[in-house]
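Chemist: My questions all concern the structure below.
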Amino acid sequence: MAIDDGRSFEHPLYHYWENSPGGGIGLTTLDRLLMHSARHSLWFFPMATSCCAIEFMTAAASRVDLDQAGTIIRPTPRHCDVMVVAGTITVKMAPRVKKLWDQMPEPKWAIAMGSCAICGDFYRDIYSVVPGVDVIIPVDVYIPGCPPNADQVMVALQRLQEKIKLQLEGKFVERDLRPGTMIYPKIGTHGDARQSAEVAQAQLDGARGLGVGGKEHRVPRPAAVQAPPEADATSDSGEQS
Amino acid sequence: MNLRQRDRINPHLDLDTVDAAADLMALNMGPQHPSTHGVLRIKLFLDGEVIIKAVPYPGYLHRGVEKLCERLTCVQLTPIFDKHDYVAPMTNEQALNIALERMLGVEVPRRARYMRTILAELQRLASHLLWLGTFTLDIGGTIGGGASLMMYTFREREPILDVFEMLTGARFHYNTHQVGGNRHDIPDGWAAAVKTCMDQLAARMPEYEEQCVTNSVFLMRTKGIGVIETPLALELGLTGPNLRASGVDLDLRRDAPFHAYDEIKVNVAVSNGCDTHARFEVRIAEMYESIRIVRELIDNVPEGPICSLKPVRTVNQIKLPEGKQMYTAIETPRGELGTWLIGGGAEKGACPYRLKIRPPSLHAMAALPYALVGHTVSDVVAVLGSLDPIMGEVDR
Ligand code: SF4
Chain U
1 MAIDDGRSFE HPLYHYWENS PGGGIGLTTL DRLLMHSARH SLWFFPMATS
51 CCAIEFMTAA ASRVDLDQAG TIIRPTPRHC DVMVVAGTIT VKMAPRVKKL
101 WDQMPEPKWA IAMGSCAICG DFYRDIYSVV PGVDVIIPVD VYIPGCPPNA
151 DQVMVALQRL QEKIKLQLEG KFVERDLRPG TMIYPKIGTH GDARQSAEVA
201 QAQLDGARGL GVGGKEHRVP RPAAVQAPPE ADATSDSGEQ S
Chain P
1001 MNLRQRDRIN PHLDLDTVDA AADLMALNMG PQHPSTHGVL RIKLFLDGEV
1051 IIKAVPYPGY LHRGVEKLCE RLTCVQLTPI FDKHDYVAPM TNEQALNIAL
1101 ERMLGVEVPR RARYMRTILA ELQRLASHLL WLGTFTLDIG GTIGGGASLM
1151 MYTFREREPI LDVFEMLTGA RFHYNTHQVG GNRHDIPDGW AAAVKTCMDQ
1201 LAARMPEYEE QCVTNSVFLM RTKGIGVIET PLALELGLTG PNLRASGVDL
1251 DLRRDAPFHA YDEIKVNVAV SNGCDTHARF EVRIAEMYES IRIVRELIDN
1301 VPEGPICSLK PVRTVNQIKL PEGKQMYTAI ETPRGELGTW LIGGGAEKGA
1351 CPYRLKIRPP SLHAMAALPY ALVGHTVSDV VAVLGSLDPI MGEVDR
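Keeping their order, the protein sequence lines are chains U and P. Numbered continuously in the numbering used here, the first sequence closes out at residue 241. Numbered continuously in the numbering used here, the second sequence closes out at residue 1396.
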């Protein structure tokens, strides 16, 4: 039983346990325990880049105090369950975000905090900004605002806990969508007529095409999946030295 | 080899000349590092644990703001300016609006100038409180006791943000200034709220200061670390607390008064220490001074209008003269925030033709290659924290 969709708690060992005599009862109890602990000890990884990060720090500090919900903010991806993207993600930063997301162990969730992380805010048509972090990582909960108030982080955490509970109970959870006002009719132009579709596409390719980050995108790919040369030129932004 | 005994550190050091056979280790710090105050990458070349060369790479938060400014009208610019220095949005708005006012020759009513002064000083307090919290967090670490002071300073920062929220309706990005004055008048009970908040802070500040200066670990980690000598500081264009900690008595609040600073006395804190501890001392002294200024002004806000132009109705209502250019600078919590403005852009002159921002943080970052050399890796966060750069302002 392989972990395929990244949303599954099933471990290969479960299979053997389930088939052993009396294993089912133990497994149910264990599942309940896991369900409880997964919801109430979500560790946050702060992908904190700009202004929203300050508000996220405020949420972690005295007044809102995220710790009361069992969260701990750890600056390393390997310890964390939830990535909070707080702030503008630029094309230069996007590969790093992707890489850090890939380094987080399963199961993992993502929260997009602030309109920059949701859609790029008023920077979305600038050449260097990724129009929403959900073009590179899957986002579970959106917190709209510029910046959202600190207590909204707590609200988002509760929403995430609810989702996790439903997921673990095996119920169907509908995907959260970008908040209504921020959906653009056509992502290619990001709602700005002054920007050509090519620039917009290059912006998206720059964010997406760099793969897992770092310098990997410079390594020649196998011929079968090699991108056409002009697409290479557009995706070659971001990294230096 | 003691690199600090030369008269000047070479930031462009050719590593082959140091020791061609040495096993220098290249260590990338950031861009995702909790202590780099945003997204900054510093490439460190290490001999053991001693830094031989440090190269900062900014640009991970480049949002193309100056380009954006060229196609937004002057009225639309204020909320964009909030987001540069996101720890002190109030002073950023003021920098833009003062630039526009001086260019258009608009007078600001006395009441608005007093309000702006109070807001600027409150913002300086909020910004320095956040700096104090994160700086001690960097030095002490979460487990090492640094987090306790951070919790206290964030608690003190909240009443100040509440006061801003009372006035403007926003905790963070206020958009409360406009050309010719302010947008929101002082509500009932605001002065009392400000006074309560200042009394609380004034009573607790000595405690926080004492937590740092009586801590021998704090002193060991700050004294003599990250020295920026006076000539170097002047050459690099450091401003604000960083420059004053290098022994230069320069403060635009006193030397080129804006707002209502010409009507009050500003005591400028200067230290000759040039090191991380001196920068700490200067900022702490500035906080006491800000509390004093706010308390002095809050009872004396004159009556009258708060804006000399009509309130904002349309985005095109302010037009800049074609071809006129001007540089204006004000003192923000981080230093001299300059705005170079050329009028006569798009939308029949309602947009600036060019708007160049001179951020104090960028110049503070330029000091890193000099200040870090010869220290150990653990001192990087201390020096960086003491320079207090905000990456939103560096990369823009
Ligand atoms: S949404 Fe607003 S507050 Fe948040 S990072 Fe973007 S500009 Fe800053």
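Think of the CB as a built atom: it goes at the ideal place given N, C-alpha and C, for glycine as much as any other residue. Fair warning: this is a prediction, and the values are worked out from it, not measured in the lab.
(1) Please classify P:Q1200: is it buried, with 16 or more other beta-carbons within 10 angstroms of its beta-carbon, or exposed?
(2) Just the Cα atoms here: how many angstroms apart are U:I89 and P:S1361?
(3) Name the two residues that bound the continuous beta strand (DSSP E) containing U:P46.
(4) Does the region 1092 to 1101 of chain P come within contact of the region 1168 to 1182 of chain P, defined as at least 3 CB pairs closer than 8 Å?
(5) Does P:K1324 come out as helix, strand or coil in the three-state DSSP assignment?
(6) Among the candidates P:G1064, P:G1133, P:T1078, whose CA atom is the shortest distance from the CA of U:Y127?
(7) Would P:E1281 and P:S1290 be called neighbours here (beta carbons separated by less than 7 Å)?
(8) Determine the direct distance from the alpha carbon of P:R1111 to that of P:L1167, and round the result to whole angstroms.
(9) Does P:V1039 come within less than 7 Å of chain U when only Cβ atoms are used?
(10) Just checking: is the beta-carbon of U:S128 within a distance shorter than 7 Å of some beta-carbon in chain P?
(11) On the CB-based measure, 16 or more other CB atoms within 10 Å of its CB, does P:L1219 come out buried or exposed?
(12) In whole angstroms, what separates the C-alpha of P:M1365 from that of U:D31?
(13) Reducing DSSP to helix, strand and coil, say where U:M104 ends up.
(14) Kindly indicate if chain P contains any beta-carbon less than 7 Å away from that of U:S62.
(15) So which residues of chain P does U:P95 contact, with C-beta pairs closer than 8 Å?
(16) When DSSP builds the beta bridges, which residues end up paired with P:P1056?
(17) Examine chain U for any beta-carbon lying closer than 7 Å to the beta-carbon of P:F1081, and answer yes or no.
(18) Tell me whether U:C119 counts as near ligand 1, meaning its Cβ is closer than 6 Å to at least one heavy atom of that ligand.
(19) Could you tell me which uninterrupted alpha helix (DSSP H) segments, each at least 4 residues in length, are contained entirely in the region 110 to 176 of chain U, listed from first to last along the chain?
(20) Of all the residues that make up the region 1190 to 1215 of chain P, which are near chain U by a beta-carbon distance shorter than 8 Å?
(21) Does U:Y123 come within less than 7 Å of chain P when only Cβ atoms are used?
(22) Using the Cα positions of P:P1231 and U:C52, report the straight-line distance between them to the nearest angstrom.
(23) Counting along the chain, where does the alpha helix (DSSP H) carrying P:V1394 start and finish?
(24) So P:G1344 and P:G1323 are in contact, right, with Cβ under 8 Å, and what is the actual spacing, rounded?
(25) Are there any heavy atoms of ligand 1 lying less than 6 Å away from the beta-carbon of U:S20, as far as the coordinates show?
(26) Please confirm whether any heavy atom of ligand 1 lies closer than 6 Å to the CB of P:P1031.
(27) Taking just the CA atoms, how far does P:L1372 sit from P:P1056?
(28) Quick test of your reading: P:V968 and P:I1225, contact by CB under 8 Å. State the CB separation rounded to the nearest angstrom.
(29) Taking 7 Å as the threshold (C-beta atoms), are P:T1078 and P:E1347 in contact?
(30) Please name the residue or residues paired with U:V85 in a DSSP beta bridge.
(31) Leaving out five residues before and five after P:T1222 in sequence, what residues of the same chain have Cβ atoms less than 8 Å from its Cβ?
(32) What residues in the region 127 to 160 of chain U have a beta carbon less than 7 Å from any beta carbon of chain P?
(33) Let me make sure I understand the geometry here. Which of P:F1258, P:Y1288, P:E1263 has the alpha-carbon closest to that of P:R1204?
(34) In angstroms, rounded to a whole number, what distance separates the CA positions of P:M1029 and U:A150?
Modeler: In short, the structure shows the following:
(1) Looking up residue 1200 of chain P in the second sequence gives position 200. That one is exposed.
(2) Within the first sequence, the letter at position 89 stands for residue 89 of chain U. Within the second sequence, the letter at position 361 stands for residue 1361 of chain P. Computed Cα separation, rounded: 20 Å.
(3) Reading the first sequence from its first residue, position 46 is the one you call residue 46 of chain U. Note, U:P46: beta strand (DSSP E), 44 to 48.
(4) yes
(5) Position 324 of the second sequence, counted from the start, is the residue given in the question as residue 1324 of chain P. The answer is coil: DSSP assigns P:K1324 none of H, G, I, E or B.
(6) Residue numbering aside, residue 127 of chain U sits at position 127 when the first sequence is read from its first letter. Of the listed residues, the one whose Cα sits closest to U:Y127 is P:G1064.
(7) The sequence position of residue 1281 of chain P within the second sequence is 281, counting from 1. The sequence position of residue 1290 of chain P within the second sequence is 290, counting from 1. Not closer than 7 Å, so no.
(8) What you label residue 1167 of chain P is simply residue 167 of the second sequence in a count that begins at 1. What you label residue 1111 of chain P is simply residue 111 of the second sequence in a count that begins at 1. Whole-angstrom Cα-Cα distance: 15 Å.
(9) Counting from one through the second sequence, the residue named residue 1039 of chain P turns up at place 39. At least one chain U Cβ lies under 7 Å of P:V1039.
(10) Taking the first residue of the first sequence as position 1, residue 128 of chain U is located at position 128. True, the Cβ-Cβ gap to chain P drops below 7 Å.
(11) Stepping through the second sequence from its first residue, residue 1219 of chain P is reached at position 219. It is exposed - the Cβ of P:L1219 has fewer than 16 other Cβ atoms within 10 Å.
(12) Along the second sequence, one-based indexing puts residue 1365 of chain P at 365. Along the first sequence, one-based indexing puts residue 31 of chain U at 31. Whole-angstrom Cα-Cα distance: 51 Å.
(13) As a working mapping, residue 104 of chain U is identified with position 104 in the first sequence. Of the three classes helix, strand and coil, the one that applies to U:M104 here is coil, per DSSP.
(14) In the first sequence, counting from the first residue as 1, residue 62 of chain U sits at position 62. By this cut-off, U:S62 is an interface position.
(15) Numbered from its first residue, the first sequence carries residue 95 of chain U at position 95. Neighbours of U:P95 on chain P: none; closest Cβ ~10 Å, over 8 Å.
(16) Your numbering for residue 1056 of chain P matches position 56 in the second sequence. DSSP lists P:I1042 as partners of P:P1056.
(17) Looking up residue 1081 of chain P in the second sequence gives position 81. Closer than 7 Å: no.
(18) For the purposes of this step, residue 119 of chain U is taken as residue 119 along the first sequence, with counting starting at 1. No - ligand 1 has no heavy atom lying nearer than 6 Å to the Cβ of U:C119.
(19) 114 to 119, 150 to 168
(20) none
(21) Taking the first residue of the first sequence as 1, we reach residue 123 of chain U at position 123. Yes, U:Y123 counts as interfacial toward chain P.
(22) Residue numbering aside, residue 1231 of chain P sits at position 231 when the second sequence is read from its first letter. Residue numbering aside, residue 52 of chain U sits at position 52 when the first sequence is read from its first letter. Answer to the nearest angstrom: the Cα atoms are 37 Å apart.
(23) What you label residue 1394 of chain P is simply residue 394 of the second sequence in a count that begins at 1. Note, P:V1394: alpha helix (DSSP H), 1391 to 1395.
(24) Position 344 of the second sequence, counted from the start, is the residue given in the question as residue 1344 of chain P. Position 323 of the second sequence, counted from the start, is the residue given in the question as residue 1323 of chain P. Indeed, because the Cβ distance is near 5 Å, the residues count as touching under 8 Å.
(25) Counting from 1 along the first sequence, the entry for residue 20 of chain U is found at position 20. No.
(26) Taking the second sequence and counting its residues from 1, one reaches residue 1031 of chain P at position 31. No, Cβ of P:P1031 sits at least 6 Å from all heavy atoms of ligand 1.
(27) Sequence index remark: in the second sequence, residue 1056 of chain P carries index 56 (1-based). Sequence index remark: in the second sequence, residue 1372 of chain P carries index 372 (1-based). Each residue's Cα considered, the two are about 11 Å apart.
(28) With chain P represented from 1001 up to 1396, any question about residue 968 of chain P goes unanswered, as that position is not in the structure.
(29) Numbered from 1 along the second sequence, position 347 holds the residue referred to as residue 1347 of chain P. Numbered from 1 along the second sequence, position 78 holds the residue referred to as residue 1078 of chain P. Taking 7 Å as the Cβ cut-off, P:E1347 and P:T1078 do not qualify as a contacting pair.
(30) What you label residue 85 of chain U is simply residue 85 of the first sequence in a count that begins at 1. Partner(s): U:M47, U:A112.
(31) If you number the second sequence from 1, residue 1222 of chain P lands on position 222. Closer than 8 Å at Cβ, skipping near neighbours: I1139, D1275, T1276, H1277, F1280, A1382, S1386.
(32) Y127, S128, V129, C146, P147, N149
(33) Along the second sequence, read from residue 1 onward, the residue named residue 1204 of chain P stands at position 204. Answer by Cα proximity: P:Y1288.
(34) Here residue 1029 of chain P is taken as the residue at index 29 of the second sequence, counted from 1. Here residue 150 of chain U is taken as the residue at index 150 of the first sequence, counted from 1. Roughly 28 Å separates the two Cα atoms.
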